[in-house]
Amino acid sequence: MTTGCLLAVLGCLSLLTGAHGYFITVDAHAEECFFEKVTAGTKLGLAFEVAEGGFLDIDIKIYNPEGKTIHEGERESNGRYTFPASMDGVYTYCFSNKMSTMTPKIVMFTMEVGDDTKAEHHAPNAEEGEQCWKEVHCSCCCSRSGLH
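Taking mature numbering (1 follows the signal peptide of the UniProt record, and there is no 0), I'd label the letters of the sequence shown as residues -21 to -1, 1 to 127.
Now the structure itself:
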C-alpha cells in the first residue's frame, strides 16, 4: 500500500464519530487484542485493512464481555463490522497472525463507539467520513490489484 493511500485512510478515519485509528504490527505466530468498555445498546464498529505482509491476510475474532465469539474470520484482507452491544462490559477485538510462519503483518484499523439513538453523538461530517473510507478503500485496493 502506498504512503498516499495510508494518509488518505487516516484522513477519512479522522472524520468518523468516536473513532480511534491505529497501525499495529502483528508478528508471525502472534495475536494482538484490543478492548472497548461500553454499555448495552451502544453501537460498536471495527474497520481494518492489512497494509503490508505476506498475502495481506489476517485472522480476526470479536468477543462479547462473556467471551463468546460475535464474529470470526480467517485470512481476511479487510473488513468492516458494526453491531450494537448486547450487554454492558468489555468487548474484545483480536487480530491473529498465528497462521504465518515468518511474516509479520501491518494492520491499520479503527474502533468506533457511538450511540445512534442520541443526535449529540453524531459529528456533522460522519457521513462524509463513511463515504471517504469507501472511496479510499476502493481506490487503494484497485491500485494494489493493478500492480499484480
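No residue lacks a Cβ here, since even glycine has one placed at the ideal position from N, Cα and C.
About 6 Å separates the Cβ atoms of THR82 and ALA7, confirming a contact at the 8 Å cut-off. Proximity of the region 85 to 94 to the region 44 to 55 falls short of the contact definition, fewer than three beta-carbon pairs being nearer than 8 Å.
Short of 8 Å from the beta carbon of THR21, and not among the five residues preceding or following it, lie these beta carbons of its own chain, in chain order: PRO63, ALA64, VAL92, GLY93 and ASP94.
Taken atom to atom, the span from the alpha-carbon of MET66 to that of ASN76 is near 29 Å.
As the crow flies, the alpha-carbon of ALA26 is around 21 Å from that of ALA19.
Relative to the Cα of ALA(-3), the nearest Cα in the group THR61, CYS12, LYS40 and GLU55 belongs to THR61.
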